[in-house]
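Working notes for the structure below.
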Amino acid sequence: MTRRVNRDRSLEELERDRWPAPSGGETRLMATVRELRRKPIGGLTVEDMRLLISQDVGLAYLLPLSVEVLRVDPLAEGDMYEGDLLAAVLTRSAEVWSEFPELGREVRLIVLELADVPPALKREAEGFLAL
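First residue of the sequence shown? That's 872 in the working numbering, and the numbers climb one at a time after it.
Below you can see the structure in the form of structure tokens.
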């Protein structure tokens, strides 16, 4: 995906999809996701991207941004552990990667160029490379 995206816009604006207010109780995770969807994507942190990607939210916009980060720092860390952004990216479904084959090839190169895959990422890396 090579299209330019206005990073001053939120996922809500980019996707033209405003989620309705929850009708009942909302989990803390979903409240956080809802809040992050309103934040300009250029202001999202590694942790924000990790969380949204792990929930399959905004992938068309966030996978390219995460690949930019991973090119520079393949083991970029959110709040969980070293390489948690890469883990979130690697664990997206095969259907996602068939939708974004160019990004999948880039992620494959990033994984293959890792000199030493941390144990916490080994299973995810192997699963992704087997796709």
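Glycine included, each C-beta is placed from N, C-alpha and C at the ideal position.
Three-state secondary structure (DSSP) of S881:
strand
Does the distance from the C-beta atom of A947 to that of V917 stay below 8 Å?
In this structure, V917 lies closer than 8 Å to A947 by Cβ.
Cβ pair count under 8 Å reaching 3, the segment 872-886 against the segment 907-923:
yes
Give the list of continuous alpha helix (DSSP H) stretches no shorter than 4 residues that lie fully inside the segment 886-926.
As for any alpha helix (DSSP H) of minimum length 4 sitting wholly inside the segment 886-926, the runs are 899-907, 917-925, ordered along the chain.
Going straight from the alpha carbon of L956 to that of R921, what length do you get?
5 Å
Neighbourhood of S925 by C-beta, 6 Å cutoff - its chain only, sequence neighbours within 5 removed:
A959
Which term fits A1001, buried or exposed, when burial requires 16 or more other beta carbons within 10 angstroms of its beta carbon?
By the neighbour-count rule (16 or more Cβ atoms within 10 Å), A1001 is not buried but exposed.
Three-state class that DSSP yields for L961 in the structure shown
helix
Quick check: what's the CA-CA separation for M951 versus R976?
26 Å
Please report the residue range of the alpha helix (DSSP H) in which L991 lies.
According to the sequence shown, residue 991 is Ala rather than Leu. Unbroken alpha helix (DSSP H) run through A991: 990-1000.
Return the CA-CA distance between L900 and D919, expressed in angstroms with no decimal places.
12 Å
Selection from G913, G896, K993 that minimises the alpha carbon distance to V876
Checked all of G913, G896, K993; the closest Cα to V876 is G913.
Compare the Cα-Cα distances from R942 to each of P990, E886, I981 and report the closest residue.
I981
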